[in-house]
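**Student:**
Residue numbers (our numbering): 1 to 254.
Okay, here's the thing in structure tokens:
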């Protein structure tokens, strides 16, 4: 990569690409070969690639507790991508669990940035955990563990199959989710999650469901572009998922 500085200054500068903030994952300290016993803040590369291919400039947002940094992120990014990762901590939505714990510091950080970005009417896209975080931010609750919540539910996460695990999804006709799939209302998606929406947050609308009734897509039907999906579009390069990123980044240009 070689950048010609002279062609990126003054009147010759190209139109700026929208800056998309991608929330980072927290990887706890572990006895790994590299970064041994060090806590990591990471972002999966496929997420970065999807934003680049859609015409955005990805900016990974590390989880911080510094108010000035949070304010800077929330006031300057053109769009927010709430990425997947560890569970939402039950304490973030008044839930209780002795078994399932998450990362409350990440929950708090993301909800504060989300609040600032939505106040500016900038677009938000939640993916997997991001959908769950959005639901909690809107006052909803979660199933701490799908199988434990109701044994009748299908398996939605398999360590062996991982992102190869797929299941049917029913979509509301005429919705933006249906438009991703060229108007189809019966489609198939990947599934890598063990938590899910229980009580839908106030101000959110569900638009798609798995064949066993798990909510798979939501949006906030106000004047801000706020959408979320339970599946992982960054792991599937099919046209519907490319279109989702295109529309998200496109909304950040306006």
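C-beta: ideal position from N, C-alpha, C; glycine also.
Should residue 50 and residue 245 be called a contact, given that it needs their Cβ atoms to be closer than 7 Å?
**Tutor:** yes
**Student:** Which residue from 32, 214, 21, 28 puts its Cα closest to that of residue 48?
**Tutor:** With distances taken between Cα atoms, residue 48 lies closest to 21.
**Student:** Spell out the partners DSSP gives residue 27 in its beta bridges.
**Tutor:** Note: residue 27 sits in a beta bridge opposite 40.
**Student:** Quick one: which unbroken alpha helix (DSSP H) runs of 4-plus residues sit fully inside the stretch 67 to 126? Chain order, please.
**Tutor:** 67 to 76, 104 to 119
**Student:** Around the C-beta of residue 35, are 16 or more other C-beta atoms found within 10 angstroms, so that it is buried, or is it exposed?
**Tutor:** Under a 10 Å Cβ-count criterion, residue 35 is classified as exposed, with fewer than 16 other Cβ atoms of the shown protein chains found around its own Cβ.
**Student:** Alpha carbon to alpha carbon, what distance is there between residue 45 and residue 30?
**Tutor:** 21 Å
**Student:** So residue 186 is in the beta strand (DSSP E); what residue range does that whole segment cover?
**Tutor:** DSSP places residue 186 in the uninterrupted beta strand (DSSP E) bounded by 186 to 190.
**Student:** Under the assumption that residue 74 contacts residue 42 (Cβ atoms under 8 Å), give the Cβ distance between them as a whole number of angstroms.
**Tutor:** Wrong, their Cβ atoms sit about 21 Å apart, outside the cutoff.
**Student:** Under 7 Å Cβ to Cβ from residue 186, same chain only, skipping five residues before and after it: list those, please.
**Tutor:** 168, 170
**Student:** Rounded to a whole number of angstroms, what is the C-alpha to C-alpha distance between residue 177 and residue 189?
**Tutor:** 12 Å
**Student:** With C-beta atoms as the reference, is residue 112 less than 7 Å away from residue 23?
**Tutor:** The answer is no: Cβ separation not under 7 Å.
**Student:** Buried or exposed, going by whether 16 or more other CB atoms sit within 10 Å of the CB of residue 216?
**Tutor:** By the 10 Å Cβ count, residue 216 comes out buried.
**Student:** Give the DSSP-derived three-state secondary structure of residue 178 in the structure shown.
**Tutor:** helix
**Student:** Does DSSP classify residue 60 as helix, strand or coil?
**Tutor:** For residue 60, the secondary structure class from DSSP, reduced to helix, strand or coil, is strand.
**Student:** Assuming residue 17 is part of the beta strand (DSSP E), what are its boundary residues?
**Tutor:** Looking at the DSSP string, residue 17 is not in any beta strand (DSSP E), and its letter there is neither H nor E.
**Student:** Over what stretch of residues does the alpha helix (DSSP H) that includes residue 46 continue unbroken?
**Tutor:** 45 to 53
**Student:** Leaving aside the five residues before and after residue 84 along the sequence, list all residues of the same chain whose C-beta is less than 7 Å from its C-beta, in chain order.
**Tutor:** 127, 128, 129, 130, 232
**Student:** So, with DSSP's three-state summary, where would you put residue 234?
**Tutor:** helix
**Student:** Within 10 angstroms of the Cβ of residue 104, are there 16 or more other Cβ atoms? Answer buried if so, exposed if not.
**Tutor:** exposed
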